[in-house]
Amino acid sequence: MSTLDVTLTDHPAAAKVRETLNKKLYFYSGVCPVPSDSMVLYYGVDEQARRIDLSNATPEQLAHLTNVCENATFGRGQQDVFDQSYRKARKLDTSSFISGLERNDHIPEIVNKLTHILIKQNDKVLRSELYKLNIYDEGSFFKAHKDTPRADNMVASLVIVFPTLHEGGSLILRHDGEEFAYDSAKELGSLSTPSIGYVAFYSDVEHEVTPITSGYRITLTYNLYLEEAHQIFRIPSSANQSFRDALSAMLNDDTFLPKGGVMGFGLSHQYPVKDRFSGDD
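In structure tokens, the structure reads:
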């Protein structure tokens, strides 16, 4: 089999295209004001249900919610592992609670925004699925790790943070030599109106939760799945428009690859794609 002799072009127009492609977001974060009833959580693991307002909860109420929760596990390959030297936190399954956020349009609105920002395919959208409620109290943490996709089309995670008082517990994201820290205590602690914080990131992004030094950090985690869109109109993002402009300028430049050539691009993330190819494909 013959080998292909490849030489990368150093043409300025190609450099401009590379620059636009390298400006890819691997996460997105923000704050969303919500009405007070969206902060209400109903929970229980037996016949007695409890109600807690997470915008104005007492330490006693938060302690009760924490005690109802189970120890949190984490995914390692195809297994759920319990190891408090790696992750110390509490969790509540979706069968044991109902969040006021689920009764309003806040999560669909956030997910729709994430579709426009993180997904580059016009025929695809993100679908969210509530996965867990997690509580990190004093001394809790989660060491650096990557998520285990729950399905072939799971591409990202969305973490919703409630405005319960806490210190520590920053969410640290690392990808491709870059690092971002989301300090929910700082982001939400200074707000005067009921609000939630949120962070979404691709499944192959390494992340960790730093130790909680006081208070309770309470989150909802949603799995985000990539699915076919149905008659969606999407406004081009500034990054997409920059790429289009640079690519058009390059292709219209007579000095770019005057004798022809091959164009391609590398992938920036790991994708849980199975059984799509066979043989030498």
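Residue numbers for the sequence shown follow my numbering, so the first one is 10 and each next one is one higher. For each residue, glycine too, the CB sits at the ideal point set by N, CA and C. Just so we're clear, the structure is a prediction, and the values are computed from it rather than from any experiment.
Tell me the residue span of the beta strand (DSSP E) that contains residue i.
i, result
"Glu237", "226 to 237"
"Gln88", "88 to 90"
"Ala153", "150 to 154"
"Val168", "163 to 170"
"Phe106", "106 to 108"
"His184", "180 to 184"
"Val134", "133 to 145"
When you compare each of the options to residue i by their alpha carbons, which one comes out closest?
i, options, result
"Leu71", "Tyr140, Asp102, Arg85, Pro172", "Pro172"
"Leu229", "Val49, Asp185, Tyr140, Lys129", "Tyr140"
"Asn121", "Gly148, Gly109, Leu233", "Leu233"
"Arg183", "Tyr35, Pro21, His175, His20", "Tyr35"
"Val218", "Gly178, Glu236, Glu196, His20", "Gly178"
"Glu236", "Val43, Asn65, Ser137, Asp185", "Ser137"
"Thr78", "Gln88, Ser104, Ser94", "The question names Thr, but residue 78 is Cys in the sequence shown. Here the closest residue by C-alpha is Ser104."
"Gly86", "Asn113, Ala194, His154", "His154"
"Val54", "Ser45, Gly39, Thr75", "Thr75"
"Val214", "Gly186, Ala194, Leu197, Ser223", "Gly186"
"Glu89", "Ile61, Leu197, Ser193, Pro158", "Reading off the sequence, residue 89 comes out as Asp, not Glu. That would be Pro158, whose Cα lies nearest to the Cα of Asp89."
"Ala44", "Asp92, Gln93, Asp114", "Note that residue 44 corresponds to Pro in the displayed sequence, not to Ala. Minimum Cα distance to Pro44 is reached at Asp114."
Taking the alpha helix (DSSP H) that residue i belongs to, which residues open and close that run?
i, result
"Pro117", "115 to 127"
"Val214", "Counting along the chain, Val214 falls outside any alpha helix (DSSP H), and DSSP gives it neither H nor E."
"Pro68", "68 to 77"
Looking at residue i: is its Cβ nearer than 8 Å to the Cβ of residue j?
i, j, result
"Asp161", "Ser212", "no"
"Leu50", "Lys100", "no"
"Val168", "Tyr225", "no"
"Tyr52", "Ala98", "no"
"His20", "Phe189", "no"
"Leu127", "Tyr37", "yes"
"Ile116", "Leu123", "no"
"Ser108", "His175", "no"
"Ala81", "Arg59", "no"
"Ala238", "Lys133", "yes"
In the DSSP output, which residue or residues are listed as bridge partners for residue i?
i, result
"Glu196", "In the DSSP output, where bridge partners are listed per residue, Glu196 has none listed."
"His175", "Gly224"
"Phe36", "Phe210"
"Ala190", "Ile181"
"Asn80", "Arg99"
"Val49", "Asp62"
"Ser85", "The sequence given here has Arg at residue 85, not Ser. BP columns for Arg85 point to Gln88."
"Ser204", "Pro42"
Just confirm the distance between the C-beta atoms of residue i and residue j, as a whole number of angstroms; I'd bet it's less than 8 Å.
i, j, result
"Phe2", "Ser166", "Within the shown structure, residues of the chain are numbered from 10 to 290, placing residue 2 beyond reach of any answer."
"Pro42", "Pro267", "Not confirmed; about 56 Å, so no contact."
"Pro220", "Ser149", "7 Å"
"Ile227", "Leu63", "6 Å"
"Val170", "Ile119", "Wrong, their Cβ atoms sit about 12 Å apart, outside the cutoff."
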